[in-house]
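Chains A and B are the protein sequences, given in the same order. With numbering that gives the first Met the number 0 applied, the first sequence corresponds to residues 0 to 278, in that order. With numbering that gives the first Met the number 0 applied, the second sequence corresponds to residues 0 to 247, in that order. Since the structure comes first, as C-alpha cells, the remarks are kept for the end.
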Amino acid sequence: MSTEDVNRPKADGTIINVSGLIKKFGEFTAVDNISFSVKRGEIFAFLGPNGAGKSTTIKMLTTLLHPTSGEITLDGHNPVIDSSAVRRSFGIVFQDPSLDDELTAWENMEFHGVLYGVEKLLRRKRIEELMKFVELWDRRDSLVKEFSGGMKRRLEIARGLLHHPKVMFLDEPTLGLDPQTRNHMWNYLKELNKSEGVTVFFTTHYMEEADRVAQRIAIIDHGKIVASGSSTELKERTGKSSLEEAFLELTGKTIREEEAGSIDHLRSMRRMWRGGGKK
Amino acid sequence: MKTIYILWLRQIKRYLRSRSRIVGSLGQPLLFLLALGYGLGSTFKAAGEGNYFTFLAPGVIGMSIIFTAIFSGIELIWDRQFGFLKETMVAPVSRLNIMVGRTLGGATVATMQGLIVFFITLFFGFRPENWALLPVLIIFMLLVALLFTALGTAIASVLEDMQGFQLIMNFLVMPLFFLSGALFPIENLPSVLTVLVGIDPLSYGIDSFRSILSGTASFGLGLDLSVLVIVTLFCLGLGSYLFSRIEV
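In C-alpha cells:
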C-alpha cells in the first residue's frame, strides 16, 4: 500500500474515494490533484504542516466547499450532487468549536438530533447514553459557555455521533487538550471504531497520536499527497526511526507562516465585546 | 417544519437568556422618549401639532424593532465565524428552512422588544386610542420585524466579518430610522426629504403603528400593508438566495 493505491477502482471495501481532487481559491491552489481512498472501518490520519490543505479537503468531503474539479464519493454518494445523503452519513468535529455557547449541553444535543431527524424517543435515549459516555450527563443543564475546552470537545464528539454516522471526521480534535482528555477521547473513539465499525478520518499535528491511533496515514504538503501507508511503512520508506523524523524528511524543515485571517481579528474583537471573553 | 421550529426556538432561548442585552437595548428608546419626548414637547405643541409624546411613541417602538431585527439578522456573522453555522450547514436539511427558522426567530425577538417598549410608553402616560386593535398592531410589528431581520440576514450573508459593522450602522440603520418619520411629521417637508421618506420602508411601518395607536395616518393602513408585504417578500427572497450561496 502506498500512494499508488490512489487510482484503484471503487471497491466495496472503501467508504471514501477521492480522485483528482483540486480546489483553487483564485490563483492559489489549496488542494492540488489529490487522490486517496479510505476503507470501511479504518482509522485514517491526514498529516501535514499548517496550510497544507487538510481542512480544505475535509470541507470538500463534508459538502461545505465545492471542489474546483475532481471526484469524491462518500459511502457511494457524491457530496456535490447528493449532499443530503452524504450529510446523513457522516459526523464531524470541527477544528473550531461549533457549539452554541448560549444553550445548555443537552439543548445542543437535542438541536442536533432534531436537525438530523432522529425520532424523539430514540433521540432522548441516545443523548443520555452518549452524554454519560463522555461523562457530561451530570452537567447536561449547564450552559456550554461555562465548559472548558476539553468538555466542549467531548460534547462535540458525543453530538457528532448522535445520528449514528458511518464516518466520523475529526479536524485537529485534540488541539489544546491535556493528555488525560486526549487519552480518554481516543480510547472512546477506538472503542467505537471496534464495536460499531465507524470509520474515523482525522487530521492532527501530533505525530505520536497518528503513530499510535491510525491504521493508515496520508501525508499532505502544499496541497499534494506526498506519501501514504501505515506508520511502519512510512518509517521504512524514509529510513527513519520515528514518524516525526519521517514526516520532516518528507515535508522538509521550512517553517510555514500562516497569515492571521479575519477570524483572528474577529476573535479579539469578540473578547473586547464580551469584556474579557468570560462572564 | 421541525427544522424551522428548532431554529426559531434557539433564537428565542438565546434572547430570553441574555437579560443584559434586553435591558441594554432599552436604553436608547428610553433616552429618545425622555429627551425628545419631553424636550421638544412644548415646541411641538406651540407649532400646533399636538402632543409630541403621543406622536413620538409609535416612532420609538419602530426604532426598537428595526434595531433589534437588523442585529438579529447580522448575528449570523458571529455564528459563521464562531462555528455554529457550520453545525447547521452540514446537517441534512435545506438552507431555505435554516434561513426561514432563523429569520422567524429574529423577527419574534424584535417584536417582543417592540412590545416591551410599547409597555414602557404606557408607563409614561401614552394611551392607545383603541385597545381592541392590539392584535393588529402585533401583526404589523411582526411584519416590520420580518422585513428587517431578512434584510440583516441578506447583508450578513455577503459580509465576511464585522469590519463592515460601522458602515451598516451609519449608512443603513441610522438613515432608515431618521428618514422614517419616526421623529417628525412627514407632511410639508422639502421635496428631497419627501422622496427619501417615501422610499424608506420603515416609514410605512411607523405610519401603520401611528394609525393603529393614535388614529393619525399619512399613507393609510392599506398602502402601509401593501408596501410592507411586498418589501418583506423581496427581502426574504434576497436573504434566502444570498444565504444559500454561503460557503463556510
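Backbone N, C-alpha and C fix where the C-beta goes; we use that ideal spot for every residue, glycine too.
Check your understanding: In three-state terms, what does DSSP make of Lys234/A?
Key -> helix
Review point. Is Lys9/A helix, strand or coil by DSSP?
Key: With a pLDDT of only 43 at Lys9/A, under the threshold of 50, the placement of this residue in the model should not be trusted, and no figure is reported.
Exercise for review: Could you tell me the distance, in whole angstroms, from the CA atom of Glu248/A to the CA atom of Leu103/B?
Suggested key: 55 Å
Point to revise | Spatial distance of Ile69/B from Lys151/A (CA atoms) | key: In this structure, the CA atom of Ile69/B is about 30 Å from the CA atom of Lys151/A.
**Study point:** Met108/A versus Phe54/B: straight-line alpha-carbon distance, rounded
**Key:** 48 Å
Point to revise | Inter-residue spacing [alpha-carbon to alpha-carbon] between Val194/B and Leu222/B | key: 16 Å
Review point. Between Tyr115/A and chain B, is there a C-beta pair that is closer than 8 Å?
Key: Tyr115/A counts as touching chain B.
Exercise for review: Name the two residues that bound the continuous beta strand (DSSP E) containing Ser227/A.
Suggested key: Lys223 to Gly228
Review point. Once you ignore the five residues that flank Ser217/B on each side, which residues in its own chain have a CB closer than 6 Å to its CB?
Key: Ile185 and Asp206
Review point. Helix or strand or just coil, what does DSSP make of Ile126/A?
Key: helix
Review point. Does DSSP put Ala181/B in a helix, a strand or coil?
Key: coil
Review point. Is the shortest distance between the beta-carbon of Arg13/B and the beta-carbons of chain A less than 8 Å?
Key: Yes, Arg13/B lies at the interface with chain A (some Cβ there is under 8 Å from its Cβ).
Check your understanding: Closest Cβ-Cβ distance between Ile65/B and chain A: below 8 Å?
Key -> Among the CB atoms of chain A, none fall inside 8 Å of the CB of Ile65/B.
Review point. Taking the C-alpha atoms as reference points, what is the distance between Ser19/B and Asn96/B?
Key: 30 Å
Review point. Using the rule of at least 16 other Cβ atoms within 10 Å of the residue's Cβ for burial, across every protein chain shown, is Lys234/A buried or exposed?
Key: buried
Check your understanding: Ile73/B versus chain A: which residues are under 7 Å apart at the beta carbon?
Key -> Within chain A, no residue comes near Ile73/B; the closest Cβ sits about 13 Å away, beyond 7 Å.
Check your understanding: When the Cα atoms are used, what is the spatial distance from Gly58/B to Gly38/B?
Key -> 16 Å
Check your understanding: Which of the residues in the region 79-96 of chain A, read from start to end, lie with their CB under 7 Å from any CB of chain B?
Key -> Among the residues of the region 79-96 of chain A, those with a Cβ less than 7 Å away from any Cβ of chain B are Ser83, Arg86, Arg87, Ile91, Phe93, Asp95 and Pro96, in the order of the chain.
Check your understanding: Given Thr55/A, which residues of its chain have a CB within under 6 Å of its CB, disregarding the five upstream and five downstream residues?
Key -> Lys22, Ala29 and Val30
Practice item. Confirm, please, whether the CB-CB distance from Thr120/B to Phe242/B is below 8 Å. Key: Cβ distance not < 8 Å, so Phe242/B and Thr120/B don't count as in contact.
Review point. Is it true that the region 76-90 of chain A meets the region 32-40 of chain A, where meeting means three or more beta-carbon pairs spaced less than 8 Å apart?
Key: no
Check your understanding: Quick check: the region 196-214 of chain B against the region 139-151 of chain B, are there 3 or more CB pairs under 8 Å?
Key -> Contact between the region 196-214 of chain B and the region 139-151 of chain B is present, because at least three Cβ pairs lie under 8 Å.
**Study point:** Residues, ordered as in the chain, of the region 83-94 of chain B that lie near chain A by beta-carbon distance below 9 Å
**Key:** Phe83, Leu84, Lys85, Glu86, Thr87, Met88, Val89, Ala90, Pro91, Val92 and Ser93
Review point. Residues of chain B with CB under 9 Å from Glu101/A, in chain order?
Key: Arg9, Lys12, Arg13, Arg16 and Ser17
Check your understanding: Does the Cβ-Cβ distance between Ile211/B and Leu136/B come in under 8 Å?
Key -> yes
Exercise for review: Using a Cβ cut-off of 8 Å (strictly closer), state whether Thr2/B contacts chain A.
Suggested key: yes
Review point. For Val92/B, does the count of other Cβ atoms within 10 angstroms reach 16, so buried, or fall short, so exposed?
Key: buried
Check your understanding: Ordered along the chain, which non-local residues of its own chain (more than five positions away) have a Cβ less than 6 Å from that of Gly52/A?
Key -> Ala29, Val30, Ile219 and Gly222
**Study point:** Buried versus exposed call for Glu128/A [16 or more other C-beta atoms within 10 Å across all chains shown]
**Key:** exposed
Practice item. Run down chain B in chain order and give the residues with a C-beta less than 7 Å from the C-beta of Leu176/A. Key: Residues of chain B passing the Cβ test: none, with the nearest at roughly 17 Å.
Point to revise | Cβ-Cβ distance between Lys165/A and Asp99/A below 8 Å | key: Here Lys165/A is not near Asp99/A, since their CB atoms are 8 Å or more apart.
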